[in-house]
Amino acid sequence: MDAFEAIFRRLSEPVFRYVCGMVSDESLAHDLTQDTFAKLWTVRDRMASVESLRGYVFRMARNRVYNQHRDARTRRENRTQLQKNTPDASPPAPDEVVDADLLRDHLQDWIGNLPDRQREALTLRRQQDLGHDEIADLMDIAPSTVNNHIARALKQLRERLHEHRSDLRS
Amino acid sequence: MDNDTSPLPPDLRPPDADAEQDYERIWAALHRTDEARASEYDVDAEWTQLADRLDLEGDAPSAPEKPTTDRPARPPDQRKDARPSRYARRLATAVLVLCAVVAGAWWWQQPVSVTTAAGERTTITFPDGSTAEVNGATTLSYNRGFQSFPFVPASRRRVRLTGEAFFDVDNAERPFHVVTPNARIEVLGTTFDVRARTDDDTPETTVALSSGRVRLTPTAAATSSRSGVTLSETGHTSRVVADQAPTSPETIDLKYARAWRDGGFAIRDAALPTVLAELERRFGVPLSFRADPSETTPMTLHYAAEAQVEEVLRDICVIQGLSYRETSQGYELVRD
Chain R
47 MDAFEAIFRR LSEPVFRYVC GMVSDESLAH DLTQDTFAKL WTVRDRMASV
97 ESLRGYVFRM ARNRVYNQHR DARTRRENRT QLQKNTPDAS PPAPDEVVDA
147 DLLRDHLQDW IGNLPDRQRE ALTLRRQQDL GHDEIADLMD IAPSTVNNHI
197 ARALKQLRER LHEHRSDLRS
Chain F
65 MDNDTSPLPP DLRPPDADAE QDYERIWAAL HRTDEARASE YDVDAEWTQL
115 ADRLDLEGDA PSAPEKPTTD RPARPPDQRK DARPSRYARR LATAVLVLCA
165 VVAGAWWWQQ PVSVTTAAGE RTTITFPDGS TAEVNGATTL SYNRGFQSFP
215 FVPASRRRVR LTGEAFFDVD NAERPFHVVT PNARIEVLGT TFDVRARTDD
265 DTPETTVALS SGRVRLTPTA AATSSRSGVT LSETGHTSRV VADQAPTSPE
315 TIDLKYARAW RDGGFAIRDA ALPTVLAELE RRFGVPLSFR ADPSETTPMT
365 LHYAAEAQVE EVLRDICVIQ GLSYRETSQG YELVRD
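Residue numbers (the numbering used here), protein chains in the order written: chain R, 47 to 216; chain F, 65 to 400.
As structure tokens, then:
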């Protein structure tokens, strides 16, 4: 049990940040993270030998997330269509430089609209917890495909940023 | 990591310089969000919550998963406060555990094989999180990590099965295949039972679908290209006998397929020797029959949970007009 607590203390925050990057709201991320470790506890005796505990736990979390998507069938965060109609309460003054915090809020919306795997690749890459090969392994794709996802995600985000700026100016 | 800036990794830089500044800005904003989340995450509170949920506080023995198993009484609620002074020691333990697991990576290449004895049941968790509940006298094998080489995911997850198992396959970007002596089952995120038994040198594979979708194909060269059957509704069942094509899906009450997992026993429309062979595997008790099997009729039996072998034998004897007696290791059925 001591070892389990230590594993939790070591891995739960990285897993939480990963799950946050994948689902729409933070309280759901808290739940799914807990679910992951709860499941790890119940299967601990029956785990077939794994080559990387960290990778295994991330994979369990990933399954929780995708099961959640499947069960809830909430696709509103995952549409790939552009959303041109993000209304702001009141548009900022035209000469204003895009405020850093405002950018963060918008970014969260835009990331929510990325395809699942682009968002996932982008999230995993930002964290220092998994190496390139481990990310590819977790997502069941080649490392070069991971980079493709990230490149496309950044490109999309930049396009959103441009639209946002031109909205401000107009 | 407390650095304020986390620069855009060089391999993600865009081809043109204009874009680069935007990318840097986006990356920095994402980094700030990550840092904000990290600073809000209270691991002590989260641990306390999880420990409560799993009942880990106090000296509770490890809780078994099946509710039917007896549990020794737990001591009354003993909430212990977080013990930061012991954290260092626990961390050392965990580091050892993690190191031992990671250091053992060289043997990942060997296939993993799990074999149950007759009368034994167990559950296996695969590297991708899928699980299989395994019945007696069953062997199940797969490549460790579902990989053929390190860090190169195999194009499909493949499990070899002789015996019986109930699979719960997690979300699948890769196909998941179960290969039996005479057939192959392809799945995508689903739950189903596979029974692959070889009696009298005739292999037989039966699949019962609980949820999702699977495809059953015989592996014999002559028939496989033409015949495969898709099961898509709960209760759909199909069987491949030896080299033949799979039977058309019929919807069967799933209570038969699930009985063994609840400690029961079930078999449909089977001749006595088959029933006895299945009973042997389920209970781990040798059974013999001294009379002409052709004088017996096919039977359907169903015990929903916690069956006893004598109870089943008694019922069989009533149906078939036989009697049974104990032998040195098991039982024997004879005609009166």
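C-beta atoms are modelled at their ideal positions from N, C-alpha and C, and glycine is treated no differently.
Query	Result
Under a CB-based cut-off of 8 Å, is residue 255(F) close to chain R?	no
Could you work out which residues of chain F lie near residue 83(R), taking near to mean beta carbons separated by less than 8 Å?	114
Does DSSP put residue 103(R) in a helix, in a strand, or in coil?	helix
Could you give the DSSP three-state label for residue 108(R): helix, strand or coil?	helix
Considering only the alpha carbon of each residue, which of 365(F), 175(F), 327(F), 330(F) lies closest to residue 207(F)?	175(F)
Pop quiz: residue 348(F) and residue 181(F) are said to be a contact at Cβ under 8 Å. What is the actual Cβ separation, rounded to whole angstroms?	6 Å
Just to confirm the assignment, what range does the beta strand (DSSP E) spanning residue 162(R) have?	No beta strand (DSSP E) contains residue 162(R), which is instead part of the alpha helix (DSSP H) from 162-172.
Does residue 241(F) get closer than 8 Å to chain R when you measure Cβ to Cβ?	no
Should residue 209(R) be flagged as near chain F, meaning a C-beta pair shorter than 8 Å?	no
Restricting to Cα atoms, I'd like to know which of 328(F), 109(F), 388(F), 103(F) is closest to residue 370(F).	328(F)
In three-state DSSP terms, what is residue 88(R)?	helix
For a test of the three-state rule: what should DSSP assign to residue 158(R), helix, strand or coil?	helix
Could I get the ranges of all uninterrupted beta strand (DSSP E) runs contained in the region 244-318 of chain F, with 3 residues as the minimum, in chain order?	247-251, 255-263, 266-275, 278-282, 293-295, 300-305
Which chain F residues are close to residue 197(R), counting only those with a beta carbon under 9 Å from its beta carbon?	76, 78
Measuring CA to CA, which of 101(R), 153(R), 105(R) is closest to residue 200(R)?	153(R)
Where does residue 398(F) fall in DSSP's three states?	strand
Along chain R, which residues have their Cβ under 9 Å away from the Cβ of residue 260(F)?	Near residue 260(F) there are no residues of chain R at all, since even the closest Cβ is about 20 Å away, more than 9 Å.
Out of curiosity, what's the CA-to-CA distance linking residue 401(F) and residue 269(F)?	A question about residue 401(F) goes unanswered here, because the residues of chain F that appear run from 65 up to 400.
Check the C-beta distance from residue 76(F) over to residue 181(R) and give it rounded, since I have them as a contact under 8 Å.	13 Å between Cβ atoms; not a contact.
Mapping the DSSP letters down to three states, classify residue 352(F) as helix, strand or coil.	strand
For a contact defined as C-beta to C-beta under 7 Å, what are the partners of residue 107(F) on chain R?	55, 58, 59
What span of residues does the beta strand (DSSP E) with residue 196(F) cover, start to end?	195-198
Looking at chain R, is there any beta carbon in it that lies within less than 8 Å of the beta carbon of residue 90(F)?	yes
Report yes or no: do three or more beta-carbon pairs, one from the region 271-287 of chain F and one from the region 295-310 of chain F, lie closer than 8 Å?	yes
Which residues in the same chain as residue 72(F) place their Cβ atom closer than 6 Å to its Cβ, once the five residues preceding and following it in sequence are excluded?	87, 88, 91
Span of the alpha helix (DSSP H) holding residue 382(F)?	373-384
As a quick exercise: from 368(F), 365(F), 352(F), 362(F), pick the residue whose alpha carbon is nearest that of residue 399(F).	352(F)
What is the rounded straight-line gap between the Cα of residue 107(F) and the Cα of residue 186(F)?	34 Å
Please list, in chain order, all residues of the same chain as residue 240(F) whose beta carbon is under 6 Å from its beta carbon, the five residues on each side excluded.	221, 233, 251
In the DSSP assignment, the alpha helix (DSSP H) including residue 181(R) goes from what residue to what residue?	178-185
Taking residue 326(F) as part of the alpha helix (DSSP H), name the residues at either end of that continuous run.	Premise fails: residue 326(F) is in no alpha helix (DSSP H) and is neither H nor E.
Just grab the DSSP bridge partners of residue 81(R) for me.	Note: residue 81(R) sits in no beta bridge, so no partner.
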